[in-house]
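Novice: Below is one structure. I have some questions about it.
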Amino acid sequence: MKARQTTVKVASALAWLAGLWLAAIGGSVPALAGPPVECRVDGVPSEAAFPLNYVKKAIGNKKLSILVLGTGSSQLGGAAQNAYPARLQAALSRRLPDVAVAVAVDVAQKRTAADMVRTLSPALAASKPDLVLWQTATVDAIQAVDPDQFSQALDKGVRLVRAAKADVIFINPQYSPRTELVIALGTYVENMRWVAVQKEVPVFDRFNLMKAWYDQGTFDLYSATKKLDMARLVHDCLGRLLADLIVEAAKPDPAVIEKGN
Amino acid sequence: MVPTLSERDLRLDLFRGLALWLIFLDHIPSNAVSWVTIRNYGFSDATEIFVFISGYTVAFVYGRAMEQSGFVVSAARVLKRAWQIYIAHVFLFAIYLAEISYISQSFENPLFTEEMGVLNFLQNPDVTIIQALLLKFKPVNMDVLPLYIVLLLCFAPFLWLLMRSANLALLASGALYSVSWLFEWNLPAWPQGVWVFNPFAWQFLFIFGAWCALGGATRLSRAIYSPITLALSIAYLLFAFGIAMTWHIPSLGSYVPQIIGDTIYPIDKTNLDVLRILHFLALAIVTVRLVPRDWPALKSPFMRPAILCGQHSLGIFCLGVFLSFAGHFIFTEISNRIPVQFLVSLSGILIMAGAAWLISWYKRIERQGPRPPVTKPGFAGGE
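As they're listed, the protein sequences go chains A and B.
Heads up: the first sequence begins at 118 in my numbering, then just goes up one per residue.
Heads up: the second sequence begins at 256 in my numbering, then just goes up one per residue.
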């Protein structure tokens with residue numbers, strides 16, 4: 118395993134112009150403190166460059182409310198406690214022991230970004246979140262939605278969330294090796310990044326994270342199984358890393374953060 | 256004005272061959288080796304090179320035909336070529352369906368329920384296959400050939416105009432490009448949306464290539480070889496390189512002034528953004544400076560594989576698409592470790608070169624050798 122990882126690293130360093138990229142990207146991401154070893158991935162930038170002011174304030178008030186807005190990949194096998202929103206709540210509660218963390222979900226299959234924007238206002242009014250985690254783009258790619266319309270939907274959604282006095286973090290699509298030749302994710306992942314940069318929204322780069330897990334053998338995302346074992350671990354990792362991103366981006370008073378779990 | 260048709264320029268074959276290799280590398284999903292391809296270092300990519308050179312060679316070949324045998328004959332030949340490419344596209348689609356059907360067989364994973372839903376199109380092949388035959392359903396990475404087909408279908412009238420008044424034809428092409436931006440023209444795709452490569456926009460590069468082939472390049476040579484043009488081109492390439500770096504290293508993004516970001520983004524590939532055209536032109540200008548037409552290395556055996564691939568571009572392009580499917584298949588079914596990715600990429604290029612050599616050998620013996628005895632129709636193996 119160790120040797121394999123070394124080979125992978127050496128070779129990818131070669132491919133990435135003698136490690137220039139790895140060094141530059143790796144250097145810009147602080148070490149992740151929380152998650153167990155197998156989740157950690159060097160070299161995947163989780164863009165925490167933009168501040169989360171509403172979240173910071175909420176953490177200061179010891180009460181953080183999060184809304185997960187998403188589609189199929191925010192669910193898992195029917196049991197809500199397995200899926201990453203619940204895992205995030207658990208992880209955040211551990212990291213911020215004095216803060217009451219509530220995670221609500223607005224998740225349904227087969228919704229494009231525009232579909233989600235249409236029902237966003239009532240959803241925001243219902244849960245009054247400080248933070249919206251917006252998982253989208255996969256369905257848009259499957260349905261080949263016009264990329265411009267996709268970007269406009271993202272843009273509008275961000276405006277609605279901010280008008281409701283909440284921060285937003287994008288969660289980009291899952292990396293799915295089997296369907297790479299069928300779903301053209303590229304444009305949508307790119308457009309999401311452009312909108313994120315323009316609107317100063319952090320992106321949880323689930324795509325490259327899962328790709329790195331696959332490349333490094335952390336999880337065999339290719340395996341054909343009905344069993345939930347691996348899927349549960351993946352969602353647990355996603356929840357933990359999301360918690361890290363939120364804490365990292367919100368930069369709350371260091372006193373409220375629980376170290377070393 | 257009589258357009259000048261000069262001898263075959265080996266640089267065209269070389270760069271088209273290289274573009275075919277880059278397209279192959281880019282088309283294998285998650286291929287580490289695709290880091291070497293030019294799309295990572297600027298705005299334009301191998302598609303621009305391919306479309307421009309295709310326009311150049313098509314005008315070169317069919318322009319000569321039009322001079323010799325007139326409009327009707329050359330138009331018929333262009334249409335025959337479009338038909339060949341259509342057949343090639345359908346053939347590739349069949350291979351794609353075979354691979355996807357195999358890969359999706361019995362695959363279940365609770366993690367990917369949403370993604371696997373996309374394979375539902377296999378459940379109604381009637382609609383899917385008809386939409387594919389109509390060129391409306393184009394799977395991932397199968398967008399270039401349909402573009403090429405549409406460009407060739409409409410090429411004959413343009414060629415007629417190019418042969419009479421090249422500048423007017425270029426102007427018409429530029430006008431079409433502008434109008435397509437203004438009114439957002441594009442062809443419809445299935446299940447929804449529009450073509451990934453908008454033919455109304457991309458025709459401009461194709462016609463520009465044709466214009467250059469029919470004497471435009473000679474007329475431009477003064478501008479091309481001016482030191483000011485060279486300096487501007489290099490400056491623009493460096494600028495594009497700098498911007499491209501911020502895609503890979505997001506922390507560099509903060510050094511890009513807001514006003515520049517707001518101006519240049521989004522850099523639209525579907526509608527062939529002006530920034531992409533300029534980037535291609537800058538690359539071309541620097542390249543013709545670095546690689547003169549009589550560059551001795553063009554005759555060296557090391558350049559031979561790329562040149563051969565460029566000379567048989569349709570066959571090699573199709574082979575490249577097929578090999579990229581095969582590469583994806585190997586990555587998912589066997590291993591996608593980095594050494595395997597290098598091996599697959601290298602073998603793919605070697606296979607492409609080998610096939611190109613085989614095609615040219617075959618053409619040579621067909622031309623040289625004694626004609627096979629004419630068999631009567633109806634005999635076994637008649638053709």
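Idealized CB from N, CA, C, for every residue including glycine.
Measure how close the beta-carbons of M607 of chain B and W338 of chain B come, nearest whole angstrom, since I'm counting them as under 8 Å.
Specialist: Position 352 of the second sequence, counted from the start, is the residue given in the question as residue 607 of chain B. Position 83 of the second sequence, counted from the start, is the residue given in the question as residue 338 of chain B. Their Cβ separation, rounded to whole angstroms, is 24 Å, which puts M607 of chain B and W338 of chain B out of contact at 8 Å.
Novice: Considering only residues of the same chain and omitting the five flanking positions on each side of S340 of chain A, which have a CB-CB separation below 8 Å?
Specialist: Numbered from 1 along the first sequence, position 223 holds the residue referred to as residue 340 of chain A. Once the five neighbours on either side are set aside, the close Cβ partners of S340 of chain A are M347.
Novice: Can you tell me whether DSSP reads K554 of chain B as helix, strand or coil?
Specialist: Stepping through the second sequence from its first residue, residue 554 of chain B is reached at position 299. Looking at K554 of chain B - three-state DSSP - the assignment turns out to be helix.
Novice: I'd like the list of long-range same chain contacts for W436 of chain B, defined as Cβ closer than 8 Å, with 5 residues on each side in sequence excluded.
Specialist: Within the second sequence, residue 436 of chain B is the residue found at index 181, counting from 1. Closer than 8 Å at Cβ, skipping near neighbours: A456, N526.
Novice: From I540 of chain B to T473 of chain B, what distance separates their C-alpha atoms?
Specialist: Taking the second sequence and counting its residues from 1, one reaches residue 540 of chain B at position 285. Taking the second sequence and counting its residues from 1, one reaches residue 473 of chain B at position 218. For I540 of chain B and T473 of chain B, the distance between alpha carbons rounds to 13 Å.
Novice: Which one or two residues does DSSP pair with Q252 of chain A in a beta bridge?
Specialist: The sequence position of residue 252 of chain A within the first sequence is 135, counting from 1. Bridge partners of Q252 of chain A: A:I288.
Novice: Answer yes or no: do A200 of chain A and Q206 of chain A have a C-beta to C-beta separation smaller than 7 Å?
Specialist: As a first step, residue 200 of chain A must be located in the first sequence, where it is residue number 83. As a first step, residue 206 of chain A must be located in the first sequence, where it is residue number 89. No, the pair does not count as a contact, with Cβ atoms beyond the cut-off.
Novice: Considering only DSSP beta bridges, list what I183 of chain A is partnered with.
Specialist: Along the first sequence, one-based indexing puts residue 183 of chain A at 66. Beta-bridge pairing links I183 of chain A to A:V220, A:L248.
Novice: Once DSSP output is grouped into helix, strand and coil, what is the label at V320 of chain A?
Specialist: Along the first sequence, read from residue 1 onward, the residue named residue 320 of chain A stands at position 203. Residue state, collapsed to three classes: strand.
Novice: My guess is that S299 of chain B and L538 of chain B are in contact by the Cβ rule of under 8 Å, so how many angstroms apart are they, rounded?
Specialist: Taking the second sequence and counting its residues from 1, one reaches residue 299 of chain B at position 44. Taking the second sequence and counting its residues from 1, one reaches residue 538 of chain B at position 283. Contact flag correct, Cβ pair sits at about 7 Å.
Novice: How is I142 of chain A classed by DSSP in three states: helix, strand or coil?
Specialist: Along the first sequence, one-based indexing puts residue 142 of chain A at 25. Note that I142 of chain A scores 38 on pLDDT, short of 50, meaning its location in the model is unreliable and no value can be drawn from it.
Novice: Closest Cβ-Cβ distance between I286 of chain A and chain B: below 7 Å?
Specialist: Residue 286 of chain A sits at position 169 when you count from the first residue of the first sequence. Not closer than 7 Å to any Cβ of chain B, the Cβ of I286 of chain A fails to qualify, so no.
Novice: Can you tell me which of the three DSSP states V449 of chain B falls into?
Specialist: Position 194 of the second sequence, counting from 1, holds the residue named residue 449 of chain B. Strand, per DSSP.
Novice: Determine the chain A residues that contact H583 of chain B at a beta-carbon separation under 8 Å, and present them in chain order.
Specialist: For the purposes of this step, residue 583 of chain B is identified with residue 328 of the second sequence, where counting begins at 1. Chain A residues near H583 of chain B: E297, L298.
Novice: Give a yes or no on contact between the segment 253–269 of chain A and the segment 368–383 of chain B, applying the rule of three or more CB pairs nearer than 8 Å.
Specialist: Yes, the segment 253–269 of chain A is in contact with the segment 368–383 of chain B.
Novice: Is the beta carbon of A611 of chain B sitting closer than 7 Å to the one on L273 of chain B?
Specialist: Translated into the one-based positions of the second sequence, residue 611 of chain B becomes position 356. Translated into the one-based positions of the second sequence, residue 273 of chain B becomes position 18. No.
Novice: I want to check one thing, is the minimum distance from the CB of D281 of chain B to the heavy atoms of the ligand MG below 6 Å?
Specialist: Of ligands this structure carries none, so the ligand MG is not represented either.
Novice: Across which residues does DSSP place P443 of chain B in a beta bridge pair?
Specialist: Taking the first residue of the second sequence as position 1, residue 443 of chain B is located at position 188. DSSP lists B:V449 as partners of P443 of chain B.
Novice: Kindly give me the distance between the Cβ atoms of A231 of chain A and L186 of chain A, rounded to whole angstroms, as I take these residues to be in contact under 8 Å.
Specialist: The residue labelled residue 231 of chain A in the question sits at position 114 within the first sequence. The residue labelled residue 186 of chain A in the question sits at position 69 within the first sequence. Actually they are not in contact, since the Cβ atoms of A231 of chain A and L186 of chain A sit about 13 Å apart, beyond 8 Å.
Novice: Taking the alpha-carbon of A499 of chain B as reference, which of B:S476, B:I593, B:H534 has the nearest alpha-carbon?
Specialist: Position 244 of the second sequence, counted from the start, is the residue given in the question as residue 499 of chain B. Nearest of B:S476, B:I593, B:H534 to A499 of chain B, Cα basis: B:H534.
Novice: What's the C-alpha gap between P264 of chain A and L271 of chain A?
Specialist: Numbered from 1 along the first sequence, position 147 holds the residue referred to as residue 264 of chain A. Numbered from 1 along the first sequence, position 154 holds the residue referred to as residue 271 of chain A. Spanning the two alpha carbons is a distance of roughly 11 Å.
Novice: Span of the alpha helix (DSSP H) holding L487 of chain B?
Specialist: Numbered from 1 along the second sequence, position 232 holds the residue referred to as residue 487 of chain B. Residues 482–503.
Novice: Round the Cβ separation of L250 of chain A and I288 of chain A to the nearest angstrom and send it over; I've been treating them as touching at under 8 Å.
Specialist: Counted from its first residue, the first sequence places residue 250 of chain A at position 133. Counted from its first residue, the first sequence places residue 288 of chain A at position 171. About 6 Å separates the two Cβ atoms, so the contact holds.
Novice: Under three-state DSSP, which class holds D281 of chain B?
Specialist: Residue 281 of chain B sits at position 26 when you count from the first residue of the second sequence. Correct three-state label for D281 of chain B: helix.
Novice: With three or more beta-carbon pairs closer than 8 Å as the criterion, would you say the segment 405–425 of chain B touches the segment 440–460 of chain B?
Specialist: Output reads yes: the segment 440–460 of chain B touches the segment 405–425 of chain B.
Novice: Please classify L149 of chain A: does DSSP put it in a helix, a strand, or coil?
Specialist: Along the first sequence, one-based indexing puts residue 149 of chain A at 32. Confidence at L149 of chain A is low in this model, with a pLDDT of 39, below 50, so the placement of that residue is unreliable and no value is reported for it.
Novice: R279 of chain A: which of A:K245, A:S210, A:G177, A:L338 sits nearest, CA to CA?
Specialist: Against the first sequence, residue 279 of chain A aligns to sequence position 162. Selected option, being the one with the closest Cα: A:K245.
Novice: Does K393 of chain B pass the burial test, meaning 16 or more other C-beta atoms within 10 Å, or should it be called exposed?
Specialist: The residue you call residue 393 of chain B lines up with position 138 of the second sequence. K393 of chain B should be labelled buried.
Novice: Which residue marks the beginning of the alpha helix (DSSP H) containing G565 of chain B, and which one marks its end?
Specialist: Here the question's residue 565 of chain B lines up with position 310 in the second sequence. Start and end: 559–566.
Novice: For the segment 162–193 of chain A, which residues have a CB atom closer than 9 Å to at least one CB atom of chain B, in sequence order?
Specialist: Under the 9 Å Cβ criterion, the segment 162–193 of chain A contributes P162, E164, A166, T188, G189, S190, Q192, L193.
Novice: So which of A:P369, A:H352, A:P371, A:E307 has the shortest CA-CA distance to Y520 of chain B?
Specialist: On the second sequence, position 265 is the one that residue 520 of chain B refers to. Ranking the options by Cα distance to Y520 of chain B, first place goes to A:E307.
Novice: Going by beta carbon distance, what residues of the same chain come within less than 8 Å of L487 of chain B, once the five residues before and after it are set aside?
Specialist: Translated into positions along the second sequence, residue 487 of chain B becomes position 232. So the list reads A537, once near-sequence residues are dropped.
Novice: Can you pull out the residues from the segment 259–293 of chain B whose beta carbon lies closer than 7 Å to at least one beta carbon of chain A?
Specialist: Of all residues in the segment 259–293 of chain B, P284, S285, A287, V288, W290 have a Cβ within less than 7 Å of some Cβ in chain A.
Novice: By Cβ distance below 7 Å, which residues in the same chain neighbour S210 of chain A in space, the five residues on each side in sequence not counted?
Specialist: By 1-based counting over the first sequence, the position of residue 210 of chain A is 93. Excluding sequence neighbours, S210 of chain A sits near V218.
Novice: With a threshold of 7 Å between beta-carbons, can I358 of chain B be considered close to chain A, or not?
Specialist: Position 103 of the second sequence holds residue 358 of chain B. At least one chain A Cβ lies under 7 Å of I358 of chain B.
Novice: Which residues in the same chain have their Cβ closer than 8 Å to the Cβ of I532 of chain B, if we skip the five residues on either side of it in sequence?
Specialist: Locating residue 532 of chain B in the second sequence gives position 277, where the first residue counts as 1. Excluding sequence neighbours, I532 of chain B sits near S299, E303, F459, L460.
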